[in-house]
Each structure stands twice: as structure tokens, then as C-alpha cells.
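>
Protein chains in written order, with the numbering used here: chain A, 21 to 352; chain B, 21 to 352.
(1) Taking the C-alpha atoms as reference points, what is the distance between residue 325 of chain A and residue 257 of chain B?
(2) What distance in whole Å lies between the Cβ atoms of residue 23 of chain B and residue 51 of chain B, which are believed to be in contact at a cut-off of 8 Å?
(3) Compare the C-beta of residue 186 of chain A with all C-beta atoms of chain B and state if any pair is closer than 8 Å.
(4) Expressed to the nearest angstrom, what Euclidean distance is found between the alpha-carbon atoms of residue 355 of chain A and residue 339 of chain A?
(5) For the region 38 to 55 of chain B and the region 73 to 88 of chain A, state whether three or more C-beta atom pairs, one from each stretch, are separated by less than 8 Å.
(6) Measure the alpha-carbon distance for residue 350 of chain B versus residue 87 of chain B and round it to whole angstroms.
(7) So residue 298 of chain A contacts chain B; which residues on that side make the cut at Cβ distance below 8 Å?
(8) In whole angstroms, what separates the C-alpha of residue 184 of chain B from that of residue 250 of chain B?
(9) Which residues in chain A sit within 9 Å of residue 141 of chain B, going by Cβ to Cβ distance?
(10) Would you call residue 229 of chain A buried or exposed, if buried means 16 or more other Cβ atoms sit within 10 Å of its Cβ?
(11) Give the C-beta separation of residue 105 of chain B and residue 171 of chain B to the nearest angstrom, bearing in mind that I take them to be a contact with Cβ-Cβ under 8 Å.
(12) Mind listing which residues of the region 288 to 322 of chain A have their C-beta closer than 9 Å to chain B's C-betas, in chain order?
(13) On the DSSP bridge list, what partners appear for residue 114 of chain A?
(14) Which word fits residue 281 of chain A, buried or exposed, when buried means at least 16 other C-beta atoms lie within 10 angstroms of its C-beta?
(15) Step through the CB atoms of chain B and report whether any lies within less than 8 Å of the CB of residue 176 of chain A.
(16) Quick check for students: name the residue ranges of the alpha helix (DSSP H) that lie wholly in the region 218 to 305 of chain A, counting only runs of 4 or more.
(17) Any beta carbon of chain A sitting closer than 8 Å to that of residue 240 of chain B?
(18) Could you pull the DSSP bridge partners for residue 77 of chain B from this structure?
(19) Any C-beta of chain B sitting closer than 8 Å to the C-beta of residue 172 of chain A?
(20) Would you mind telling me which residues of chain A sit closer than 8 Å to residue 222 of chain B, beta carbon to beta carbon, in chain order?
(21) When DSSP builds the beta bridges, which residues end up paired with residue 323 of chain B?
(22) Closer than 8 Å, CB to CB, is residue 158 of chain B near chain A or not?
(23) How would you call residue 248 of chain A, buried or exposed, if buried means at least 16 neighbouring beta carbons within 10 angstroms?
(24) Residue 134 of chain A: which of A:269, A:317, A:233 sits nearest, CA to CA?
(25) Counting pairs of Cβ atoms below 8 Å between the region 112 to 127 of chain A and the region 91 to 99 of chain A, do you hit three or more?
(26) Cβ closer than 7 Å: which chain A residues qualify as neighbours of residue 194 of chain B?
(27) Closest to residue 188 of chain A by CA distance: which of A:46, A:255, A:144 is it?
(28) By the three-class DSSP mapping on this structure, what secondary structure does residue 123 of chain B have?
(29) Give a yes or no on whether the minimum CB-CB distance between residue 286 of chain A and chain B is below 8 Å.
(30) Looking at the structure shown, is residue 27 of chain B part of a helix, part of a strand, or coil, going by DSSP?
(31) Any residues in the region 248 to 269 of chain A with a beta carbon nearer than 8 Å to a beta carbon of chain B? Which ones, in chain order?
(32) Quick one: any contact between the region 293 to 305 of chain B and the region 314 to 330 of chain A, if contact means 3 or more CB pairs under 8 Å?
(33) Report yes or no: is there a C-beta of chain B within less than 8 Å of the C-beta of residue 214 of chain A?
(34) Whole-angstrom Cβ separation of residue 287 of chain A and residue 310 of chain A, contact assumed at under 8 Å?
(35) Which same chain residues, not among the five before or five after residue 217 of chain A, have their C-beta less than 6 Å away from its C-beta?
(36) Which term fits residue 175 of chain B, buried or exposed, when burial requires 16 or more other beta carbons within 10 angstroms of its beta carbon?
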């Protein structure tokens, strides 16, 4: 079997470190793994399959070595500058930043939902926003079966979504330290403000959920609104999702549709207190779905609760799964 | 001025203790304040206006002493048994439990919203559920101006809503203790389960928000759905509220309508990171409203974020304010 050479950009961040871990876990045919970061973090070392890897400084000539793939998790500025350079040199970039997600020439991929889009890449494939990935997995199968008319998102997002600094704000905040990453203390608080505000009153995080859901579900006019909120939880995002359908549904059948879908674990047994929880989703790659019930305020609609590990499926695992699909396609 | 005699039932609980504190703070013409609790908690003492009050055991003859008012915060079972006894003896009961809220002969009152209902009491006035009170204050004025068509609630409820045991679960959970009140650890978790489940998939907390909102807004057919969630926050509930209107609105005018309403503090300046927060609402009696923005997924609708101190306005203060109105009416 062919073996591949991969570059991990932003290797020292919360997502980058998880990418290295998941690459080992998934046991892909990777012969070489090189790690890159900004000058500040270069020099750190990690172990990949028992072999010590030194993190190198990311430079314009970093991709001259001939990589098959690169997973970028170093923020939009780094992606904007270096992803096109890498792609130019024949490397396929899977980018975790928001830089290229809405670019019509860049596929925005969740493998369970639209893996066929992977082939349409021009060297860059975008990984969606964490809060979008977990939601579109159940929404895609629901849309296929009942045609979605409108979605209303309210999120309960973990601090790890803001990186190590977000985690520090919660952990050190509990010891009385002032926040450094968030605008207010996150301890004993819910902050309805993720990413920056736009003039229409929405945050960019809310805009991302709306636009990326439309792009992934391939429905640019889908009616969606969102409220995104940071909560004092270390890891795994929870979401309250209200969906209205064009078509009628049977609730037992709808639950079966979700149970039989790829990438979803239905935890929905209210008589035994079974529903998705952040503490249980952490460490897994599925989107956990529960509290599925008819919304009696519309003709055809439901409410459900969706939880997933935002660092794994919301970022690192989804990126590695895209690489996995690229390898599968290459070997067909 | 006439002076009144009041009984506080459930005086040792989180809400009962806050009732005593707020009665002092509001400086109502109360000449005597007697405290009652179950046998287990009887014997504790509290100070009311510098005078030591011993908590007595709640008994069938407790109301023989001739009280003008009683504030009950001892749960549904105690209210069901003792509130009618107190009312029978001429005492007006303000009941914090859910026992009588949906009884058509019992007014369900938030003074800013429907204080005129107070007069229609037969000895019992119900205090709504905490998560309902803070929401109906802005919803009432919005309904008056734009006629509400549909409401979608997603809540972020503090552990104090489950009483001292709920607070203990979070505080001691941080030290590694297992939960006693909640079905799962609340530390680093969001639990989409408050009160018990019903066969239709909703919790009783969700049902209370739906039914009580309809009763208070005096619209039994109003379309409402809800997802209620416990979050790791000590005090003050936050709510993501989506509202659809029958009528058109101008967003600047709508914000002014809220700003000019009684009991609401609008905190809505995204350019300066001003929005309601649990840590800021605690200790206040208003419903804090912000993140007010047009919902572009419907013809006429908004999203907003609503935060309030669930122990004060969500329970104790609202009850004391009802007593205050009763005193005002009596003196007219």
C-alpha cells in the first residue's frame, strides 16, 4: 500500500495536538509526519508513533519537501498566507480555519454528509466550524427524509472551542484569576458572544453556523437563525436545535432514520434518563442526538439535543477523516 | 398606616431565606413575621429586623394565629396540604410551588405583567416558575405591541433553581464529589433534563414554561415550544428566546418599547460588549434583556437573550412584590 507524507500546521495548539493523536489512533498509511508552528512555538517536540518530532517554524519554503497532505489548525491569517503556497506545491490542504470555508471553489466537508465534494478540490478543502459539524450530521439525514424548512440553533459551547486560552480562563477562573481570552469571567456565567459582532446584531460564530449549514446542505436559501453561547464546560458542545419540515413525519420513524445514519449515536430513552451529555461525548467522534420530540407549535417540526466533542469531531477528527477519504480515493 | 402579620413557610430553604431578606429590604409595613418549616428544619433561627425568630414546625393549627399573608416556598406537597388551610383562615397565600399555578381559580401573577389579576384571588395567588417569570416580562410588552405568534425557548438554568442541594452538587462536584440532586454531574456538563419527563418527550419544566406563559399572557392557544437545560452556573437563569410576531416591527422602536417597560433593563450595546450576564443579574430584581436582533429566517421575528436572578425575581422577590401589591390594594 502507498504511504503518505503529511504536514501538521499549528501543531502546538489544542486542535493540532489532537490531530497528531488522532492520526496515530486512525492508523493511516503515513510514512512521514512533519510538524509546523509559528516561530514562538517552534522547537517543542512531540512523539508520533514513538518517534520524536521537532516542531519547525512555518515558512514559505516549508512545503518544498513534497507533502501529500497538510492539516492546518493555525488560524485564518496563517491559512490565508500558507495554504495556497502548500496547494501550489501539490499538497492537499485540509484547513480548520474559516479562511476558505465560504469560497465557492473550496469544498466544505463533513465526510458523513458530503464526502463526494472532496474530489472537487483545487488543493484546499475546508473543515467546517465545530458547532456546524455536529449539527449537520443529523440535519442532513433529516433533510433527505423530510425536507427542512427552517432551523433555529441555540448553542452551549465549551471553552476548549476557544483553544488552550479558553480552557485556562475556566480552570484558572475557578481559582479566582481574571479572564484573559473571554471578555467576561466564564465561571458561573453564560456568555452570548462568540467571535466578533457584525452590524446586523449577530456574531460571526452565528453567521458561520447559518452560512456553513446552508453550504453543506447545499441549500443557499435555507431559513436558519442562531444564538451561540459560551458556557462553563471544558469540552464538548451541546446544542438545542429546533427544526421545521416541509413534509410530515412519524416520530418513531424519524428516530430510526437517525439511528441508522452514519456518524450518529442516538441516546434517547427518557424513562431511563438517557440523553446526550458533554461529559460522555468527550473522547468520541460521533454526533450524539437525543431529546427528540415533536414540536407542537408547528405543523411539522421537532426539537432535539445534539452533543459532540468539539475538538475531535468538531475539528481534529473531521480533518483526519477527510485525509482518510483522500487516501481511499487515491487508492481506488 | 396599617401593619400586617406574615408567615414564611419553608423558611429554611434557599428561596425562604431570600424571602426573609427581601421582606426586610423592601421595608413593607410588617409588624410580625413568623417562620415555619417541616419538623426536620424547625428550631433553626433567623433574624428579621434585628429580632430573633425561631423557625416553628408547620402544623395544621399554624395559621390559627391570624396571619394577613403567607409566602409558601416548601414544595408542592406542603402547599397542597397547608395553603388551603391558611386560606380558609383568612390568610392570603402567595405560593411558590407549582401546585395551584394552572388552577383556573388561582391567579398566576408577575406584578409588572398582570397585577390586576391579584384582586381575583380566593385566598391563593400562585407565583410562576422562575424561568417563566423573567421571560414573560419582556414578552408581555412585545405581545402588546406586535402580537406574538410563536415562542421558542432554550434555557440555561442555574443550579440554585434546584435549591441548596443543587448548589451543593456544583460546589462539591468541583471538589470531586458525586452528585446527589442531579442525575449526572453538573460540573463541565449541560443537563437537558429539569423536573421529570412526560410521555410526550417534554419535561415538566418545559411544560410549565409553555402553559404558564400562555396563562400569564392570557392566550391559551399561543404556539410555544421549549427546551430547558441545567448549566454549571450557581445563580441566575439565562434564556435564548426566539419570537415570531403577527405584526411588522421596526427594530429600533422595538428596543425602545423594551427600554420603557417596567421591570426590564435593556443591556444591548454590542459595540461595547454589553449584553445580559448571569454574574451581573444576580442580586437584582429586573429581567435583563439584550442581543435583540431581527430573525431573518421569518417575516417578522426576533432573537433575544434574557437573564434574571432566579432566586430573587424568579421566586422570592416576585412573591414579596405580590404581597406589596396586596398591601397597596388594601390601603386604597
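Glycine included, C-beta positions come from ideal geometry on N, C-alpha and C. Predicted model only: the values in this text are computed from it and were never measured.
Let's see:
(1) Answer to the nearest angstrom: the Cα atoms are 19 Å apart.
(2) Indeed they touch by this definition, with Cβ atoms about 4 Å apart.
(3) Taking CB atoms only, residue 186 of chain A has no neighbour in chain B less than 8 Å away.
(4) Because chain A in this structure spans residues 21 to 352, residue 355 of chain A falls outside the shown range and cannot be described.
(5) Three or more beta-carbon pairs separated by less than 8 Å are not found between the region 38 to 55 of chain B and the region 73 to 88 of chain A, which leaves the two stretches without contact.
(6) About 15 Å.
(7) Result: 208, 209, 210.
(8) Cα-Cα distance, rounded: 15 Å.
(9) Those do not exist, as residue 141 of chain B stays about 31 Å from chain A at its closest Cβ, beyond 9 Å.
(10) Its Cβ being crowded by 16 or more others within 10 Å, residue 229 of chain A is buried.
(11) With 8 Å as the limit, residue 105 of chain B and residue 171 of chain B do not qualify as a contact, their Cβ atoms being about 37 Å apart.
(12) Cβ contacts with chain B come from 288, 290, 291, 293, 295, 296, 297, 298, 299, 300, 302, 310, 311, 312, 313, 314, 315, 316, 317, 318, 321.
(13) Looking at the DSSP assignment, residue 114 of chain A forms a beta bridge with A:91, A:145.
(14) So residue 281 of chain A counts as buried.
(15) Yes, residue 176 of chain A lies at the interface with chain B (some Cβ there is under 8 Å from its Cβ).
(16) Fully enclosed alpha helix (DSSP H) runs of 4 or longer: 224 to 236, 271 to 279, 298 to 301.
(17) At a cut-off of 8 Å, the C-beta of residue 240 of chain B has no neighbouring C-beta in chain A.
(18) Residue 77 of chain B is bridged to B:57.
(19) At least one beta carbon of chain B lies nearer than 8 Å to the beta carbon of residue 172 of chain A.
(20) 313, listed in chain order.
(21) DSSP lists B:262, B:313 as partners of residue 323 of chain B.
(22) Taking 8 Å as the CB threshold, residue 158 of chain B stays off the interface with chain A.
(23) So residue 248 of chain A ends up on the buried side.
(24) The shortest C-alpha separation from residue 134 of chain A is found at A:233.
(25) The region 112 to 127 of chain A vs the region 91 to 99 of chain A: in contact.
(26) Near residue 194 of chain B (Cβ distances below 7 Å), the residues of chain A are 194.
(27) Nearest to residue 188 of chain A by C-alpha distance, out of A:46, A:255, A:144, is A:255.
(28) The answer is coil: DSSP assigns residue 123 of chain B none of H, G, I, E or B.
(29) No, residue 286 of chain A lies away from the interface with chain B (no Cβ there is under 8 Å from its Cβ).
(30) In this structure, DSSP gives residue 27 of chain B an extended state, which the three-state scheme calls strand.
(31) Contacts with chain B (Cβ-Cβ distance below 8 Å) from the region 248 to 269 of chain A involve 249, 251, 252, 253, 254, 255, 258, 260, 262, listed in chain order.
(32) By the Cβ rule, the region 293 to 305 of chain B does not count as touching the region 314 to 330 of chain A, because fewer than three pairs are nearer than 8 Å.
(33) Taking CB atoms only, residue 214 of chain A has no neighbour in chain B less than 8 Å away.
(34) Right, their Cβ atoms sit about 4 Å apart.
(35) If you ignore the 5 residues before and after residue 217 of chain A, its C-beta comes within less than 6 Å of the C-beta of 223, all in its own chain and listed in chain order.
(36) By the neighbour-count criterion, in which a residue is buried when 16 or more other Cβ atoms sit within 10 angstroms of its Cβ, residue 175 of chain B is buried.
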